[in-house]
Amino acid sequence: MDDQGCPRCKTTKYRNPSLKLMVNVCGHTLCENCVEMLFVRGSGNCVQCDTPLRKSNFRVQLFEDPTVDKEVEIRKKVLKIYNKRDFDFSSLREYNDYLEQVEDIVYNLTNNLDVENTKLKMEQYQREHRDLIQKNKATLTREQEELEELLLLEQQGNEQRRLDVLQDEQRQLQAKRKNKQALLDELSQLPATILLAQHKVRAAQLETQIEQQKQTVKPTNLFSTGIHMRQTVSLVAVPKVEDVLFHYKPLHVETYGPPVPELEQLSRVGYLNHVRAAMPQDTAGGYTSALACHRAIQDAFSGLFPLKG
Amino acid sequence: MNRGEWILISRRAQVSKSTRPRLCPIERVNQICRCSFFLFDSFSFAEAAAMFHNSSQRKYWIFKSEDEVAHMRRKANQKFRNKIQESGKSAVSDSMFLERHEEDVLFRHYERRLLDFCNAFKPAMPKSVVGTALMYFRRFYLNNSVMEHHPRTIMLTCAYLSCKVDEFNVSSTQFGGNLLHETPAGQERVLEQILEYELLLIQQLNFHLVVHNPYRPMEGLLIDLKTRYPTLENPESLRKSADDFLTQAAMTDAGLLFPPSQIALAAILNSALRASLSMESYLTECLGLKEDKDSISKMYDSMRRMKTLLKKYELPKADEVNIYKPRLERIHAQFASSSNKRKRGYEDDSHVAKEPRLVEEEWTDEDLM
Chain B
1 MDDQGCPRCK TTKYRNPSLK LMVNVCGHTL CENCVEMLFV RGSGNCVQCD
51 TPLRKSNFRV QLFEDPTVDK EVEIRKKVLK IYNKRDFDFS SLREYNDYLE
101 QVEDIVYNLT NNLDVENTKL KMEQYQREHR DLIQKNKATL TREQEELEEL
151 LLLEQQGNEQ RRLDVLQDEQ RQLQAKRKNK QALLDELSQL PATILLAQHK
201 VRAAQLETQI EQQKQTVKPT NLFSTGIHMR QTVSLVAVPK VEDVLFHYKP
251 LHVETYGPPV PELEQLSRVG YLNHVRAAMP QDTAGGYTSA LACHRAIQDA
301 FSGLFPLKG
Chain F
1 MNRGEWILIS RRAQVSKSTR PRLCPIERVN QICRCSFFLF DSFSFAEAAA
51 MFHNSSQRKY WIFKSEDEVA HMRRKANQKF RNKIQESGKS AVSDSMFLER
101 HEEDVLFRHY ERRLLDFCNA FKPAMPKSVV GTALMYFRRF YLNNSVMEHH
151 PRTIMLTCAY LSCKVDEFNV SSTQFGGNLL HETPAGQERV LEQILEYELL
201 LIQQLNFHLV VHNPYRPMEG LLIDLKTRYP TLENPESLRK SADDFLTQAA
251 MTDAGLLFPP SQIALAAILN SALRASLSME SYLTECLGLK EDKDSISKMY
301 DSMRRMKTLL KKYELPKADE VNIYKPRLER IHAQFASSSN KRKRGYEDDS
351 HVAKEPRLVE EEWTDEDLM
């Protein structure tokens, strides 16, 4: 799982699998310990590329390749500025062009190509579309909040259900214990056999009660997807496809011979008198003498007539 | 048969949905358990399953006339000649090759030997297996010349393949054990050769392995006669001579020209004629051909043709065979060396090759029986 090590202390990585790798803006990794050691003062230079870095810029590495992490960070920053959505554009072509623009910017920044110009472009865009950026940010945050609310609700529902189940179990346990206690109490008063019988009856009753409780479904008015029970969901109208109805035509097989009597008719017509009767062993597998007879007749009649013409 | 096989067969009998009707005490015990009928099972409404009328036999291996069949054989002969001429081997004269009628004699000779081999087979080979083997042999030499592939190996390969296809379970060791005049080592060699030729045989049969023989149609016709044709008092009396007719027909081209049910009908009508019993009305009444004069005349015509075929068949004369066989051996010795390697098929890759087998002495005919 860990095929890369910390470039500085190398050995420590392999010996300590729980150690995490941290990535910075320059795209180079360092293990936690090394970060602590090097950036004890808060800022320093990267070991490999010597760019000035701050300790706070170190994030835990998520991907195996540190360049990917670097790109992810850059992308986050770029998308904060370039945050138009697909409905902001009038045609698909324009949207795609815009996306390509964004990708170019991210690519340049990640691979350190033409950084100056790219940064200039970004700033220019930011200045021009300041209002639009703000508006989009607002809508985005609103949507995210809604989603979070829903998630929260769901979680609360789950919690509630869990608590209910726990409470039920507690109650059942208590009921059982009470039953046992009652038995012990009464032991002093009544003879044992009658008591035991009563106790058994009560225990059985308790069991059935518990079973019934488990079976009863709590009435709700929500499907698990969140749709209300009585709400009509409008689906896109399915176009009705009118096709030719299937018409059954019985299979006709050309045998080039006289017609063969049906399997069931054979005994009636008298064929079976001339065939060896089935022994009890044979009938075990489902064999009847009619089968052999039918087969022989079929073979005898198949292809018997000469071809026409 | 050893105990294991008996258990297998008896279990198969329980599960079998169809066996031959035990109409004649001469039928051998293992025939009730023959499972070859599974292959062609068709008891559902779809009688189309595997009967003759939609078989490959009817579509591809029934020819219109004796002339067409003779033409195909001529073509095969010519093809071999051309092949040798083109390969440019020197010292090839036209007289070396076998003529059509000479090839025919040899073919019939080896066919006889195949029949004898199958009849002497232990355990006893059912009739349909023999019929299938003969049919394979015949079909193979329809498109190939005896000069190209020697009949003695092909005939054993036909028997071997037919046992497999017809579910007549014989292990290869058992099969080899039937080659009586060979040492065990010799039997091994022969078996290896059979296995090498097997794929070639299947290929030349165009992978059409299911052969419909006339034996079951004959049984069916006898049952039908007994049930619906009381005019004929004892159809069982016809059985023996009809059987002989069928065996003889298997040695002719009848299987390549007529459907098996027609051959069976011809056999029965012929034996009725011999016993001076009239069966005219069977055709018109029971088979429903009263109105269809055309079909009736055609059917009588086919039967006449079949009878001619049977009459024309002559046993190969020993002296003729003794002349042609050495010539065949010479041709094989001279030209077959190139095809020997080709036989090995999938072993063409060098890393799988066995040691070259050209040095072994080819087993001779006498080794067979």
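For the protein sequence lines, the chains are B and F, in the order given.
Heads up: the first sequence begins at 1 in UniProt numbering, then just goes up one per residue.
Heads up: the second sequence begins at 1 in UniProt numbering, then just goes up one per residue.
By construction, the Cβ of each residue, glycine as well, lies at the ideal position given by its N, Cα and C atoms.
Remember, predicted model here, so these are calculated numbers, not experimental data.
Run through chain B and tell me which residues come within less than 7 angstroms of residue i, C-beta to C-beta.
| i | result |
| --- | --- |
| residue 417 (chain F) | For chain F, the structure presents residues 1 to 369; residue 417 (chain F) sits outside this window and is missing. |
Against chain F, with Cβ distances strictly below 8 angstroms, would residue i count as a contact?
| i | result |
| --- | --- |
| asparagine 16 (chain B) | no |
| tyrosine 256 (chain B) | yes |
| cysteine 293 (chain B) | yes |
| methionine 1 (chain B) | For methionine 1 (chain B), the predicted model reports a pLDDT of 46, less than 50, meaning its position is unreliable; a value from the coordinates is still stated below. Taking Cβ atoms only, chain F never reaches closer than 8 angstroms to methionine 1 (chain B), which makes this a no. |
| lysine 10 (chain B) | no |
On the CB-based measure, 16 or more other CB atoms within 10 Å of its CB, does residue i come out buried or exposed?
| i | result |
| --- | --- |
| arginine 256 (chain B) | Before going on, a small fix: residue 256 (chain B) reads as tyrosine here, not arginine. So tyrosine 256 (chain B) counts as buried. |
| proline 21 (chain F) | Low local confidence applies: a pLDDT of 45 at proline 21 (chain F) is under 50, so the model's placement there is unreliable, and no value is given. |
| tyrosine 60 (chain F) | exposed |
| methionine 229 (chain B) | exposed |
| serine 171 (chain F) | exposed |
| alanine 290 (chain B) | buried |
| lysine 122 (chain F) | exposed |
| threonine 252 (chain F) | buried |
| phenylalanine 305 (chain B) | buried |
| proline 216 (chain F) | It should be pointed out that residue 216 (chain F) corresponds to arginine in this sequence rather than to proline. By the 10 Å Cβ count, arginine 216 (chain F) comes out buried. |
| lysine 240 (chain F) | exposed |
| tyrosine 14 (chain B) | exposed |
| threonine 51 (chain B) | exposed |
| tyrosine 271 (chain B) | buried |
| valine 146 (chain F) | buried |
| arginine 330 (chain F) | exposed |
| arginine 142 (chain B) | exposed |
| glycine 303 (chain B) | buried |
| glutamate 68 (chain F) | exposed |
| arginine 152 (chain F) | buried |
| aspartate 86 (chain B) | exposed |
Just the chain B side, please: which residues come within less than 9 angstroms of residue i by C-beta, in chain order?
| i | result |
| --- | --- |
| phenylalanine 121 (chain F) | Ordered by position in chain B, no residue passes the 9 angstroms Cβ test against phenylalanine 121 (chain F), which lies about 24 angstroms from the chain. |
| aspartate 166 (chain F) | Per Cβ cutoff of 9 angstroms: no residues; aspartate 166 (chain F) is ~15 angstroms from chain B at best. |
For residue i, go through chain B and note every residue whose CB falls closer than 8 angstroms to its CB, in chain order.
| i | result |
| --- | --- |
| phenylalanine 52 (chain F) | Asp299, Ser302 and Gly303 |
| leucine 221 (chain F) | Ala300 |
| glycine 131 (chain F) | Under the 8 angstroms cutoff, chain B gives no residues; its nearest Cβ is about 13 angstroms from glycine 131 (chain F). |
Measure from the C-beta of residue i to each C-beta in chain B and report whether the shortest distance is under 8 angstroms.
| i | result |
| --- | --- |
| serine 261 (chain F) | yes |
| alanine 264 (chain F) | yes |
| lysine 226 (chain F) | yes |
| glycine 255 (chain F) | no |
| glycine 288 (chain F) | yes |
Since residue i meets chain F, which of its residues come closer than 7 angstroms, beta carbon to beta carbon?
| i | result |
| --- | --- |
| proline 306 (chain B) | Ser295, Lys298, Met299 and Ser302 |
| alanine 296 (chain B) | Pro21, Arg216, Glu219, Gly220 and Ile223 |
When you measure from the CB of residue i to every non-hydrogen atom of the ligand FAD, does any distance come out below 7 angstroms?
| i | result |
| --- | --- |
| valine 211 (chain F) | The ligand FAD is absent from the structure shown, which contains no ligand whatsoever. |
For this session: Using a Cβ-Cβ cut-off of less than 8 angstroms, list which residues of the region 263–291 of chain B approach chain F; keep chain order.
Result: Leu263, Val269, Gly270, Tyr271, Asn273, His274, Val275, Arg276, Gln281, Asp282, Ala284, Gly285, Gly286, Tyr287, Ser289 and Leu291
Exercise. Is the region 105–114 of chain F close to the region 310–330 of chain F, with three or more CB pairs under 8 angstroms?
Worked result: yes
Exercise. Are the region 210–224 of chain F and the region 292–301 of chain B touching, with three or more C-beta to C-beta distances below 8 angstroms?
Worked result: yes
For this session: Would you check if the region 129–145 of chain B and the region 67–84 of chain B touch, i.e. whether three or more CB-CB distances between them fall below 8 angstroms?
Result: yes
Exercise. Using 8 angstroms as the threshold, is the region 124–134 of chain F in touch with the region 154–174 of chain F, meaning 3 or more CB pairs across them?
Worked result: yes
For this session: Can you give me, in chain order, the residues of the region 291–306 of chain F that have a beta carbon less than 7 angstroms from any beta carbon in chain B?
Result: Listed by position, the residues of the region 291–306 of chain F near chain B (Cβ gap below 7 angstroms) are Ser295, Lys298, Met299 and Ser302.
For this session: Flag this pair as touching only if the region 264–274 of chain F and the region 301–312 of chain F have three or more C-beta atom pairs under 8 angstroms; answer yes or no.
Result: Verdict: yes, contact present.
Exercise. Counting Cβ pairs closer than 8 angstroms, one from the region 259–276 of chain B and one from the region 67–74 of chain F, do we hit at least three?
Worked result: no
Exercise. Touching or not, the region 235–246 of chain B and the region 237–251 of chain F, by the rule of three or more beta carbon pairs under 8 angstroms?
Worked result: no
Exercise. Counting pairs of Cβ atoms below 8 angstroms between the region 185–199 of chain F and the region 138–148 of chain F, do you hit three or more?
Worked result: no
Exercise. Are the region 163–180 of chain B and the region 109–122 of chain B in contact at 8 angstroms, needing three or more beta carbon pairs?
Worked result: no
Exercise. Would you say the region 136–144 of chain B touches the region 107–114 of chain B, given that touching needs at least three Cβ pairs under 8 angstroms?
Worked result: no
Exercise. Do the region 18–28 of chain B and the region 69–78 of chain B make contact, defined as three or more Cβ pairs closer than 8 angstroms?
Worked result: yes
For this session: Check whether the region 184–191 of chain B touches the region 144–156 of chain B, taking contact to mean three or more Cβ pairs, one atom from each stretch, closer than 8 angstroms.
Result: Flag = no, the region 184–191 of chain B and the region 144–156 of chain B do not touch.
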